[in-house]
Structure formats: C-alpha cells, structure tokens
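Just below is one structure, and these are the notes that go with it.
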C-alpha cells in the first residue's frame, strides 16, 4: 500500500503535463493612459486565448468594443474617435512564449514574441512576462507599453493634452486544459 501511495505521489505531477493545450478560463486585458487632465483606464474580460505548452504558441483575440470604462463617454470616444471599432472590430496577438520550462512549477520570467494587431496595423513585438504552472492551470501575465502612433491611432488636437501618446497594457490569463 505504501509503494502504491509513493508511486502515485511521484506520477501525479506528470499527469498534469499529459495535457499541453490550454484555453483561457479567465482573461483580463487592461490599458492605462496617464493624461495631464485625467487618467484613462479600460478593461476587457471578454478575451479569447489559447496556449500550447508543447511549442509555446499563444494567441488571443478581442473586440475593442468590449473594453469598459468608468465613464460611458470615454467608451464612446474610445470606440468612435480612436479605435474606430466599426472599421477595425478585432485586435489580436499571435506568437510564441519563449524561455520557459514546462516541468518547472515555479514562477518563470518569459517573453512573448509575435505579431500584435491593433487598429488594423500589425507589428512585431517582444514583450516580457511571467508564466506560472500550478497543477493543471497555467497563469500568463505581461505588462508592456504600446505607442499609439505605431498603430496609426490619432489623437485629435483638441484633446492631445488629455491623452498620453503611449498606453500601458496589462495582460492576465488563467488557462485550463482543453477538454478532449
């Protein structure tokens, strides 16, 4: 009986790694802009994401209209004047997570390298982050800066002091294995 228990304890961690494909159970992307007159923060929890730990491939897709703001007028301006959400209804990232060990159950510093598409413009990016594997869940986090001009997002002259020329983006995904 003791041998069976020891074998079960030894093999338990391997069972968690038999599944390498994950989907985001909880997803959160926010951005923060510190303007002279006011701060602007939008959050989006309606993000779809997949992660494959076998090869590091990761992708996410979101609709800019799903960002929520404290003030409804900010949301209207965000969608109509800046993101032009009717014209560009999707933003996405497709790439690879690099620098992780799928057997390491500790917090790991990684980077995501790939293509970020915002406002109809796709750019190669290399962003830092962390990956944490715990049991059958994987947590992926990142914080990076996006320059609005890189994605052809124009700030009207009348409000240029209110809106920073770059925004801080925070990404947090909690993944669970894909059911077969």
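Numbering (our numbering), first residue to last: 836 to 1015.
C-beta: ideal position from N, C-alpha, C; glycine also.
Where residue 903 is concerned, there is no enclosing alpha helix (DSSP H), because DSSP gives it neither an H nor an E.
Secondary structure in the region 862–899: the beta strand (DSSP E) runs of 3 residues or longer, each lying completely within the stretch, are 874–879, 883–887, 892–897 in chain order. Between the region 886–893 and the region 913–922, the count of Cβ pairs shorter than 8 angstroms is below three; the stretches do not touch.
Fewer than three Cβ pairs drawn from the region 928–940 and the region 981–990 lie within less than 8 angstroms of each other, which leaves the two stretches out of contact. Spatial neighbours of residue 956 in its own chain (CB-CB distance under 6 angstroms, excluding positions within 5 residues in sequence) are listed in chain order as 986, 987. Distance from the CA atom of residue 908 to the CA atom of residue 867, rounded to whole angstroms, is 16 angstroms.
A check of alpha carbon separations from residue 960 across 969, 943, 981 identifies 981 as the nearest.
In the three-state DSSP reduction, residue 985 falls in the helix class (H, G or I). Cα atoms of residue 886 and residue 984: separation of roughly 29 angstroms, rounded to the nearest angstrom.
Close CB contacts of residue 949 within its chain, under the 7 angstroms cut and outside five residues either way in sequence, are with 928, 929, 930, 931, 960 (chain order).
In this structure, residue 1007 and residue 902 do not form a Cβ contact; the two beta carbons are roughly 15 angstroms apart against a cut-off of 8 angstroms. Its Cα nearest to that of residue 876, the residue 904 stands out among 895, 904, 858. Non-local beta-carbon contacts of residue 1003 in its own chain, meaning distances under 7 angstroms to residues more than five positions away in sequence, involve 866, 867, 978, 980 in chain order. When the beta-carbon positions are compared, residue 1009 and residue 859 come within less than 8 angstroms of each other. Between residue 1012 and the set 969, 953, 963, the nearest pair of CA atoms involves 969. Remark: C-beta atoms of residue 943 and residue 972 do not approach each other more closely than 8 angstroms. In the structure shown, residue 950 falls within a strand segment according to DSSP collapsed to helix, strand and coil.
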